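Since the structure comes first, as structure tokens, the remarks are kept for the end.
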Amino acid sequence: MPAHSLDLNFAPQDDSVFRDRWQALRAAGLPSLADHRGASNAPHITVLTASRIPADVLERVRAHFAVALPLPLTLNGVVVLGSGPFVLAEHVIAPPEMHSLVEGWQRLVDGGSQRLRPWTPHVTLAKRLSASQVGRALAVLQDRPAPTTVTAAALRRWDPERKTSTREA
Numbered sequence: 006m007p008a009h010s011l012d013l014n015f016a017p018q019d020d021s022v023f024r025d026r027w028q029a030l031r032a033a034g035l036p037s038l039a040d041h042r043g044a045s046n047a048p049h050i051t052v053l054t055a056s057r058i059p060a061d062v063l064e065r066v067r068a069h070f071a072v073a074l075p076l077p078l079t080l081n082g083v084v085v086l087g088s089g090p091f092v093l094a095e096h097v098i099a100p101p102e103m104h105s106l107v108e109g110w111q112r113l114v115d116g117g118s119q120r121l122r123p124w125t126p127h128v129t130l131a132k133r134l135s136a137s138q139v140g141r142a143l144a145v146l147q148d149r150p151a152p153t154t155v156t157a158a159a160l161r162r163w164d165p166e167r168k169t170s171t172r173e174a
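This is how it looks when you write it as structure tokens:
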């Protein structure tokens, strides 16, 4: 079953920076999220994923971000995720209390599992890259530096069954 998600979207000027980096990768003939045409495709940080998001958890997340947004975040450079094929992403430094909240919400939707992977906030730039493509992509992105700070401006919910994105906060 596809995952529902709660994601942070960016202020327009920051959204355009990520889209520009996507386009630069695409123009270089590399995989890029610019190639994704789905309704959910927007630069974002995934906060929570689950096969179903219970109403009480959704309300907790909404309540938090209704107060926390807009939220300034620090970018910490490009990271390579996975063991091949690779994901290229901007690493995001989120406040420590946000890590605790996100991991708590994830435990609620996963039935209290203590075996969760730590939350790694990031903005995906490209997926399914080979090792040689990673090197080329890093060279392309050097010419399109990201800002050091961005602003998360909205919380959205992706419903894969309905294929809809809804602003939640």
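Letter by letter, the sequence shown follows residues 6 to 174 in our numbering.
The C-beta atom is built at its ideal place from N, Cα and C for all residues, glycine as well.
If you're wondering where the values come from, they're calculated on a predicted model, not measured in any experiment.
Taking all protein chains in view, the Cβ of T79 is surrounded by fewer than 16 other Cβ atoms within 10 Å, so the residue is classified as exposed. When beta bridges are read from the DSSP output, S10 appears opposite T54 and W163.
By the beta-carbon neighbour count (other beta carbons within 10 angstroms, threshold 16), R26 is buried. Of the candidates R149, P165 and V52, the residue whose Cα lies closest to the Cα of V97 is V52.
Using a Cβ distance threshold of 8 Å, V145 and A33 count as a contacting pair. A straight line joining the alpha-carbon of R67 with that of S56 spans about 18 Å.
Inter-segment contact for the stretch 86–106 and the stretch 122–138 is present: three or more beta-carbon pairs are separated by less than 8 Å. Note on geometry: alpha-carbon atoms of F70 and A151 lie some 24 Å from one another. Annotated as proximal: T156 and P77, with beta-carbon spacing under 8 Å. The beta carbon of L113 is closer than 7 Å to those of V62 in its chain, skipping five residues each way along the sequence.
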